[in-house]
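These notes are about the structure you will find just below.
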Amino acid sequence: DFSCALKISTPVAYLTAIKEGLNREMVIKDGDVLEKYLEVDTFLFDKTGTITTSYPIVEKVLPFGDYSEEDILRISACLEEHIYHPIANAIVKQAEMEGIEHEEMHGKLQYIASKGIKSHIDEQPVLIGNYVLMQDEQIHISSEQNALIEEYKSHYNLLFLAYQNELIGMFCIHTPLRKEAKTALDKLKAQGKKLILATGDTLVRTEELVKDLPFDQVYTDLK
């Protein structure tokens, strides 16, 4: 019975595809998903953790004033080790890679969502976070420091460390593309699919990251 053979072979094909997906760290719910894929003409991607890795890396540590790179990493790591966040993990990992011990030296931590951390060291305020947090707390940033911020912000995510209301350090953080991202996107494009990227990152930094990828549309600064 030819129809019986078809009924048997079709589920086997689905199972084979689902197994292959698992081997590639993809979870395919059922065979219907594979059928619907043929009807999909547009794919919408986010950036971090999808076309990039989930693991940011510290590219540069810029100390200011009398502080050394080691000082900045030590203070930052002792604050960030309490926070579960990819950038916090990158700071702690960088300190560990450089053999920098970061014993606890701060008071109670206050986590400020989407901005950073506030605490005290020797009863003086210490902050680590983004530029918005520095502005909110009226941290003094010199013209030279602002020039560096303008230079690096197009290429990196910037993280700032302030102590006693002064900016004492800056981290340049990069999240690299997944090594398989371009190949996967090129294959989708070759199938005639429309590719869209949506991210909360800035336009300049996103365009730099995806300049060699075949996206049809890119939406940035999404909140």
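Going by the numbering used here, the first residue of the sequence shown is number 13, and it counts up by one from there. For every residue, glycine included, the Cβ atom is placed at its ideal position computed from N, Cα and C. Computed from a prediction, not measured in an experiment: that's the story for all the values here.
Inset, instruction - Could you tell me whether the region 33-50 touches the region 64-78, where touching means 3 or more Cβ pairs closer than 8 angstroms? - result: With the cut-off at 8 angstroms, the region 33-50 and the region 64-78 do not touch.
Legend entry - Assigned exposure category for P23 - 16 Cβ within 10 Å defines buried: Its Cβ having fewer than 16 others within 10 Å, P23 is exposed.
Legend entry - Rounded separation between H94 and L145 - CA only: So the two alpha carbons sit approximately 18 angstroms from each other.
Legend entry - Among Q229, F183, K31, L207, the one whose alpha carbon lies nearest that of I103: Shortest Cα-Cα distance from I103 to any of Q229, F183, K31, L207 involves F183.
Legend entry - Bounding residues of the beta strand (DSSP E) (the contiguous stretch that carries Q229): If you look at Q229, you'll find it in the beta strand (DSSP E) that goes 229-231.
Inset, instruction - May I have the straight-line CA-CA distance separating D134 from H118, to the nearest angstrom? - result: Spanning the two alpha carbons is a distance of roughly 7 angstroms.
Inset, instruction - Jot down the residue ranges of each uninterrupted alpha helix (DSSP H) in the region 136-196, minimum 4 residues, whole runs only, in chain order. - result: Those alpha helix (DSSP H) runs which fall completely within the region 136-196 and span 4+ residues are 143-148, 155-164.
Inset, instruction - Using three-state DSSP, classify V222 as helix, strand or coil. - result: Here V222 sits in helix by DSSP.
Legend entry - 7 angstroms CB neighbourhood of H167 in its chain, flanking five on each side removed: For H167, where only same-chain residues beyond five positions count, the Cβ hits under 7 angstroms are R217, E220.
Inset, instruction - Report yes if the C-beta distance between L74 and L160 is below 8 angstroms; otherwise report no. - result: Yes, these two residues count as a Cβ contact at 8 angstroms.
Legend entry - Through-space distance from S80 to A196, alpha-carbon basis: Each residue's Cα considered, the two are about 42 angstroms apart.
Inset, instruction - Please classify L121: does DSSP put it in a helix, a strand, or coil? - result: Coil at L121, not helix or strand.
Inset, instruction - With DSSP as the reference, please indicate the residues paired to I69 in a beta bridge. - result: The partner list for I69 (beta bridge, DSSP) reads H186.
Inset, instruction - Go ahead and label A25 buried or exposed: buried means 16 or more other beta carbons lie within 10 angstroms of its beta carbon, across all protein chains shown. - result: Around the beta carbon of A25, fewer than 16 other beta carbons sit within 10 angstroms, so the residue counts as exposed.
Legend entry - Test item: CB-CB of K206 and T54 under 8 angstroms: Taking 8 angstroms as the Cβ cut-off, K206 and T54 qualify as a contacting pair.
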